[in-house]
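A.B. asks: Quick note: the sequence shown uses our numbering, first residue 104, plus one each step.
For each residue, glycine too, the CB sits at the ideal point set by N, CA and C.
Note that the coordinates shown come from a computational prediction; the quantities given were computed from them, not determined experimentally.
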Amino acid sequence: MANVIMVSTTEALIPISKPQAALFDFNLTLPIIMAEFLLLMFALDKVYYTPLGRFMDERDGYDQAKLIEVKDTSLDIKAMEEQMAAIMKAARAEITAALNKMKKETAAEVEQKIRGALANLEGGDIQALDSQTAALSDEIVKKVIPI
Numbered sequence: 104m105a106n107v108i109m110v111s112t113t114e115a116l117i118p119i120s121k122p123q124a125a126l127f128d129f130n131l132t133l134p135i136i137m138a139e140f141l142l143l144m145f146a147l148d149k150v151y152y153t154p155l156g157r158f159m160d161e162r163d164g165y166d167q168a169k170l171i172e173v174k175d176t177s178l179d180i181k182a183m184e185e186q187m188a189a190i191m192k193a194a195r196a197e198i199t200a201a202l203n204k205m206k207k208e209t210a211a212e213v214e215q216k217i218r219g220a221l222a223n224l225e226g227g228d229i230q231a232l233d234s235q236t237a238a239l240s241d242e243i244v245k246k247v248i249p250i
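1) Once DSSP output is grouped into helix, strand and coil, what is the label at Leu141?
2) Under a three-way DSSP split, which group does Leu133 fall into?
3) Given a threshold of 16 other Cβ atoms within 10 Å of its Cβ, counted over all protein chains shown, does Met104 qualify as buried or as exposed?
4) By alpha-carbon positions, which one of Leu131, Ile248, Asp160 ends up nearest to Met205?
5) If contact is defined by three or more beta carbon pairs under 8 Å, each pair taking one atom from either stretch, is the stretch 160-180 in contact with the stretch 195-211?
6) Would DSSP call Ile63 helix, strand or coil?
7) Kindly indicate which three-state DSSP category Ser240 falls into: helix, strand or coil?
8) Would you tell me roughly how many angstroms separate the C-alpha atoms of Ile243 and Glu214, rounded to the nearest one?
9) Measuring CA to CA, which of Thr153, Arg162, Leu147, Ala201 is closest to Lys246?
10) If we ignore side chains and look at the alpha-carbon of each, how far apart do Val150 and Leu170 end up?
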């Protein structure tokens, strides 16, 4: 019900209605605020969110490309490791063969010199044996430990 105030005039009583206070007052302000909101939302989308999304997509693409490149590199590394292992195995075999050959040669020379020394010993030449022993030990050291 509307509050009615009666004003008395000389001619008649005219009721004047006073507007009641409402919780929400929908007038021209609501459409203006809605238009403002939509305009600011559109502007933010074009100015801020679209470039940010483009940047994030480019960065994601760059990261994916680097990840694929790293995976390709890991395959190359595995191939190089296998090649290195084969080279190391061949080098170890070669070194082992060279050491065995050197041991056999040194053993043969030592045996030959010992026989010669024994022959001299039988002849009674002990002093010659001492000098040969020193020379022989120097030779062995030179062959085993190359300087």
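C.D. replies: Let me spell this out:
1) Indexing the sequence shown from 1 puts residue 141 at position 38. The answer is helix: DSSP assigns Leu141 an H, G or I state.
2) By 1-based counting over the sequence shown, the position of residue 133 is 30. The answer is helix: DSSP assigns Leu133 an H, G or I state.
3) By 1-based counting over the sequence shown, the position of residue 104 is 1. Any reading at Met104 is ruled out, since the residue's pLDDT is 44, under 50, leaving its predicted position unreliable.
4) In the sequence shown, counting from the first residue as 1, residue 205 sits at position 102. Closest by alpha carbon: Ile248.
5) No, the stretch 195-211 does not touch the stretch 160-180.
6) Residue 63 lies beyond the residue range present for the chain, which begins at 104 and ends at 250; the question has no answer from this structure.
7) The residue you call residue 240 lines up with position 137 of the sequence shown. Residue state, collapsed to three classes: helix.
8) On the sequence shown, residue 243 is found 140 positions in, with the first residue counted as 1. On the sequence shown, residue 214 is found 111 positions in, with the first residue counted as 1. Roughly 12 Å separates the two Cα atoms.
9) In the sequence shown, residue 246 corresponds to position 143, counting from 1. Looking at the Cα atoms, Ala201 is the closest of the given residues.
10) The residue given as residue 150 occupies position 47 in the sequence shown. The residue given as residue 170 occupies position 67 in the sequence shown. Put simply, the backbone Cα of Val150 is about 31 Å away from that of Leu170.
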